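Here is the structure we will look at, set down as structure tokens.
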Amino acid sequence: MKVVRYGDPGREKPGVLDARGTIRDLSAHIPDINGTVLASQAWQSLAALDIDALPTVPPGVRYGPPVGQVGKIVCVGLNYSDHAQESGAPVPTEPVLFMKPASSICGPYDNVEIPRGSTKTDWEVELGLVIGRRAKYVESADALQYLAGYCIVNDVSEREFQLERQGQWDKGKGHDTFAPIGPWLVTPGEIADAGRLSLWLEVNGKRFQDGSTENLVFGVAHLISYISRFMTLEPGDIVSTGTPAGVGLGQKPPLYLKPGDEMVLGIEGLGSQRQRCVPASA
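Counting in this note's numbering, the sequence shown runs from 1225 upward without gaps.
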């Protein structure tokens, strides 16, 4: 299934895409798509629904993030060797973890804000993992059983705040709108091999990132298992697995986003996103 949340920010409703790409309303079956629902029997029961019998949603509605009430976003840094190289960093021997706040989440087609004082706002297309069961000390062999599905994450980053302002990376990762997610949560049965997905990103029509999850340093199952040793992953949490080469920081000379720029990005089987950059609001 490809499930979505649609509607105005903060008032999204649950939906599912039919074979023609039309949104069908799920409100009669689940109240939302969030951690509580993902861990429930109601979520499991959706697989038996006749999607074509569900009410259709008029075209043109806003797509919200496909998961609501996210508790935390756990991100993996330098998880593609080519991105580590362009960043001037060694390839990690263990996953590098950092956090993005839930307040940074926005929809896949919402505007992205350039923070006040920013000169180095950057892009990063990433495969996102949506957790479906409480995961603590999970073995790699069992890790995929804790997965509700996959999604696209744009890990927008302000490099000066991240790398030049002392402390942890979180300063450059947490601004409002710095985590566009979606458009869909795609259930695991729809993806034959998450380790063989193409992913790409364009800015103003020029392709900068063009990679594959084949080049992940640490794969999906290992990441879920590894993170669960250090913190409990709850249903509805998101793991963002890292980005391939081609970010603005790695261009020669470096190239960064400014108001008016447009990002378009996608992952095979997971859809695509589009964001316009605007100055930060109050």
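Each residue gets a CB set at the ideal place from its N, CA and C atoms; glycine is no exception.
Predicted model only: the values in this text are computed from it and were never measured.
Since I believe residue j is in contact with residue i (beta carbons under 8 Å), could you give me their beta-carbon distance rounded to a whole number of angstroms?
i     : j     : result
S1381 : G1391 : Wrong, their Cβ atoms sit about 15 Å apart, outside the cutoff.
G1231 : K1237 : 5 Å
I1448 : Y1370 : 6 Å
L1489 : N1378 : 6 Å
P1477 : A1263 : Not quite, the Cβ-Cβ distance comes to about 47 Å (not below 8 Å), so this is no contact.
V1349 : L1440 : That belief does not hold up - the Cβ atoms of V1349 and L1440 are roughly 13 Å apart, past 8 Å.
F1322 : D1394 : 6 Å
V1410 : K1226 : 5 Å
W1408 : V1261 : Contact flag wrong, Cβ pair sits at about 16 Å.
Please state whether the Cβ-Cβ distance between residue i and residue j is less than 8 Å.
i     : j     : result
G1331 : G1288 : yes
P1468 : Q1433 : yes
D1249 : V1294 : no
T1456 : R1358 : yes
L1205 : V1285 : This structure cannot settle anything about residue 1205, because the visible part of the chain is limited to 1225 through 1506.
D1461 : K1296 : yes
P1412 : G1373 : yes
D1400 : S1342 : no
S1311 : G1474 : yes
A1266 : I1254 : yes
L1425 : G1352 : no
Roughly how many angstroms lie between the CA atoms of residue i and residue j, to the nearest whole one?
i     : j     : result
C1375 : V1354 : 7 Å
G1259 : G1239 : 16 Å
G1484 : R1420 : 33 Å
G1429 : L1241 : 27 Å
A1313 : H1307 : 9 Å
V1387 : S1436 : Val is not the amino acid found at residue 1387; the sequence shown has Leu there. Between L1387 and S1436, the C-alpha separation is close to 26 Å.
L1273 : I1247 : 14 Å
G1466 : A1365 : 21 Å
S1464 : V1300 : 6 Å
S1251 : P1233 : 17 Å
S1505 : F1385 : 18 Å
V1298 : P1279 : 35 Å
G1472 : I1257 : 33 Å
V1502 : K1482 : 8 Å
I1415 : S1496 : 15 Å
R1389 : Y1450 : 28 Å
E1318 : H1446 : 10 Å
Any idea what DSSP makes of residue i, helix, strand or coil?
i     : result
V1240 : strand
V1261 : helix
W1267 : helix
G1413 : helix
G1384 : Reading off the sequence shown, one finds Glu at residue 1384, where the question assumed Gly. Looking at E1384 - three-state DSSP - the assignment turns out to be helix.
G1331 : coil
L1370 : As written in the sequence, residue 1370 is Tyr, which differs from the Leu given in the question. It is helical.
I1254 : coil
E1310 : helix
V1291 : coil
N1170 : This structure gives no information on residue 1170, because the portion of the chain shown stretches from 1225 to 1506.
V1444 : helix
G1406 : coil
Y1361 : coil
Among the options, which residue has its Cα nearest to the Cα of residue i?
i     : options                       : result
G1406 : L1494, P1283, P1282 and S1264 : L1494
P1325 : G1398, R1229 and V1427        : G1398
W1347 : A1277, A1359 and E1486        : E1486
A1367 : A1243, S1452, S1269 and L1278 : S1452
D1276 : D1256, A1243 and P1290        : A1243
P1290 : P1283, Y1333, V1315 and Y1480 : Y1333
F1402 : A1418, V1427 and E1337        : E1337
E1438 : D1417, E1318 and P1283        : D1417
Q1268 : G1356, R1431 and V1315        : G1356
V1315 : E1492, Y1480 and F1442        : F1442
What I want to know is whether the C-beta of residue i ends up closer than 7 Å to one or more non-hydrogen atoms of the ligand GTP.
i     : result
F1432 : Summarising the ligand content, the structure contains no ligands, and the ligand GTP is consequently not present.
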